[in-house]
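A quick write-up on the structure given underneath.
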Amino acid sequence: MDGDTLRVRLAAAYGASLDGVTLAWDESRDAAAVSLADRVAPMLGEPRPDAATLYADPPLAPPWPRWPATAGAGTAASVRAVTDWAATRGADLSAVEIRTAPNGNRTVHARRQLWRQAPVMFIPRALMIVDEDLERSELGRDVFAERNVFDSRHTALAAWLAVERTRAGSPWRTYFDTLPADPDLPAFRSEADLARLADSAALASVAIVRRMLDADHTRLVGLLGDRAPERAGLAWARAICSSRLFKLTIDGHDRRGLVPVADFFDHGGGDTTWRYDDAAGGLVITAARNLDEGEELRLDYGSFSNAHFLTHYGFAAADNADDVALIVFPRAPDAFRDVLAACLWDLPLGAPVELEVGTRVEGGLRRALSLARLHTASYREIILSNDHGRFAERNFLWLHADHDRAALALVADAARAGLARLGEPGPLPDDATPWQRTCATVRAGERATLDAIAQLPERASPYLDDPAPWTWRRAATSMDILSRGADCVVRSYILNIADELPR
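So for the sequence shown, the numbering used here puts the first residue at 12; every next one is plus one.
Quick look at the structure:
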């Protein structure tokens, strides 16, 4: 955040005119942010009573519109057609069979017994729709030249896909007919459906992608005029790209692409591995373990939270070790801490702070711990911390045991408040819909994340008075590296402290 932005935000949140006051600072140095906050804070009074409204989330954007033009796609016949189409163009599908369930879901199964490291599938480069290819078309060139202005990295490819999907003579027609006509992502769902996700990180994620679609469609219309896809077409294409793109490394370059047939795999770890093989010229999928004939094979989509899985793929994973939840800190106790948090972490001024946290002391939880340390340290401790390099790489490092006890208590209070917002789980009816069950899984995962964080002060207490880094590290390494929940939080915390303790 530059000085001009800070000036505007201070005027809005505090009603303070700082005209003539130099707010420039070296944004690469934490110490400069502390010095600036110390200089500016005495010029401010109390934040305006309505300061929090400056950062209030906008109303939830309307659901993504559905695109009737895709009706009829995704049948079992289209799946058979695309496998024949792929096989005649160099794909090797001999080790697998694709099954289509009554609900339209496709799954991949072993056609025969497969040993570990045996080839499962090969899809040649010529069958893929890779982002770099689209620059050969007129629309692709126009969109990709401006791709950095879009909120979503999927928008450029989605714009091409939405237009190409309507072209009768498209060479991808056989593949397009396998794509879901009505993608089951929460961005398309009604407000009543999304009410089941109230106060969750998942709902916050859905709200973001809804806003991004509207903003990017407006940009596309400005860029392409009447060549731009309709909003419903872009929504459909964004859903397809969100749930089906592969990240590929081709000739040393990072690419994203749609890979026909390979996108039939459901998510799951341990069955297969995949990579783009430059020498073979395509995507190679290999067995990661011995597989029985008829067994379903899954592909690992990656380590993501349920908020991400639900928003981008339409499902949630039970007992997800990578889950996240929301916690909210009260506003800073004084203007000095308020300005410093804004300079260091671009956080709201004069308002509560919402953070997405997981069970590892990294990312959001690392930020939450630094913010809690800032809120609970005395003014003298903050100034001395700055003098002794205890602000480093945008983190507020360990000071002493009593200080961290207070900081951990503040984090735990925020986690318990998050649990209260989520509420207790109600019983699911026997005839619960898949959506109801998915939402229950999401909320259960977020409650488990918050409950694990709430236990941190008690779990960390036995270690806090030992000032020796090697003791902390020995304690952490004695714990299971695959630990979950509260065990994972305390192990991660101990390892962080071992790195932070003064040598």
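Backbone N, C-alpha and C define an ideal beta-carbon position, used for all residues, glycine too.
From the options, residue whose alpha carbon lies closest to that of residue i
i       : options                            : result
Phe-402 : Ala-343, Arg-378, Leu-419, Ala-428 : Arg-378
Asp-303 : Arg-286, Ala-328, Asp-282          : Asp-282
Pro-438 : Thr-452, Arg-136, Glu-373, Arg-267 : Thr-452
Ala-87  : Val-335, Asn-116, Ala-218, Ala-423 : Asn-116
Ala-459 : Thr-444, Ala-497, Leu-493          : Ala-497
Leu-47  : Val-372, Pro-194, Val-350, Trp-446 : Val-350
Leu-355 : Gly-375, Arg-405, Leu-366          : Arg-405
Asp-462 : Arg-432, Gln-447, Arg-136          : Arg-432
Pro-74  : Leu-308, Pro-271, Arg-502, Pro-197 : Pro-197
Met-12  : Ser-39, Leu-366, Leu-29            : Ser-39
Cys-450 : Pro-480, Ala-327, Tyr-504, Ala-479 : Ala-327
Asn-534 : Val-119, Pro-130, Leu-29, Ala-455  : Not covered by the structure: residue 534. The range shown for the chain is 12 to 514.
Thr-322 : Ser-216, Pro-58, Phe-257, Tyr-312  : Ser-216
Gly-279 : Ala-299, Arg-164, Leu-467, Pro-478 : Ala-299
Ala-329 : Ala-291, Leu-408, Ala-192, Arg-495 : Arg-495
Asn-301 : Asn-331, Val-220, Ala-121, Met-223 : Ala-121
Trp-36  : Ala-23, Arg-50, Ser-28             : Arg-50
Met-6   : Leu-21, Leu-430, Arg-184           : The requested residue 6 does not occur in the structure, where the chain is confined to residues 12 to 514.
Burial state of residue i, where buried means 16 or more other Cβ atoms lie within 10 Å
i       : result
Leu-360 : buried
Asp-413 : exposed
Asn-507 : buried
Tyr-25  : buried
Ile-251 : buried
Pro-513 : exposed
Ser-254 : buried
Ser-381 : buried
Ile-140 : buried
Leu-125 : buried
Glu-10  : Residue coverage of the chain in this structure runs from 12 to 514, which leaves residue 10 outside it and unanswerable.
Arg-152 : exposed
Gly-83  : Confidence in Gly-83 is poor, its pLDDT being 47 and thus under 50, which makes the residue's placement unreliable; the coordinate value appears in the next sentence. When all chains shown are included, Gly-83 counts as exposed.
Ile-338 : buried
Ala-425 : buried
Pro-182 : exposed
Pro-240 : buried
Asn-549 : Beyond the ends of the chain as shown, which are 12 and 514, falls residue 549; an answer cannot be given.
Tyr-186 : buried
Ser-314 : exposed
Bounding residues of the alpha helix (DSSP H) (the contiguous stretch that carries residue i)
i       : result
Ala-298 : First-last for Ala-298: 293-298, but that is the beta strand (DSSP E), not the alpha helix (DSSP H).
His-414 : 412-433
Trp-285 : Careful: Trp-285 lies outside any alpha helix (DSSP H), inside the beta strand (DSSP E) at 283-288.
Leu-366 : Looking at the DSSP string, Leu-366 is not in any alpha helix (DSSP H); the run it does join, the beta strand (DSSP E), is 364-368.
Ala-121 : Segment 117-121 is the beta strand (DSSP E) holding Ala-121; no alpha helix (DSSP H) there.
Glu-304 : First-last for Glu-304: undefined, no H or E at that position.
Asp-15  : 14-25
Asp-95  : 87-98
Leu-512 : No alpha helix (DSSP H) contains Leu-512, which DSSP labels as neither H nor E.
Ser-381 : 374-387
Residue span of the beta strand (DSSP E) that contains residue i, given as start and end
i       : result
Phe-276 : No beta strand (DSSP E) contains Phe-276, which DSSP labels as neither H nor E.
Thr-460 : Here Thr-460 belongs to no beta strand (DSSP E); instead the alpha helix (DSSP H) covers 445-465.
Coil, strand or helix - residue i by DSSP
i       : result
Met-54  : helix
Thr-260 : strand
Ala-343 : coil
Glu-108 : strand
Ile-393 : helix
Ala-82  : Note that Ala-82 scores a pLDDT of 47, beneath 50, so its modelled location is shaky; the value from the coordinates is reported in the next line. In this structure, Ala-82 counts as coil in the three-state DSSP scheme.
Leu-493 : coil
Ala-318 : helix
Leu-49  : The residue asked about is misnamed: residue 49 is Asp in this sequence, not Leu. Asp-49 falls in the helix class under three-state DSSP.
Arg-403 : According to the sequence provided, residue 403 is Ala. The question's Arg does not apply to it. Reduced to three states, the DSSP call for Ala-403 is strand.
Gly-268 : strand
Ala-479 : coil
Ala-352 : helix
Leu-71  : coil
Asp-61  : coil
Leu-506 : helix
Ala-336 : strand
Ile-309 : It is Arg, not Ile, that sits at residue 309 in the sequence shown. Note: Arg-309 maps to strand in three-state DSSP.
Asp-498 : helix
Asp-41  : helix
Asp-357 : coil
Asp-103 : strand
Ala-486 : helix
Ala-327 : coil
Could you pull out every unbroken beta strand (DSSP E) segment of at least 3 residues lying fully inside the stretch 203-266, listed in chain order? 257-261
Report the start-end ranges of each beta strand (DSSP E) in the stretch 125-198 that is 3 residues or longer and not cut off at the edges. 130-135
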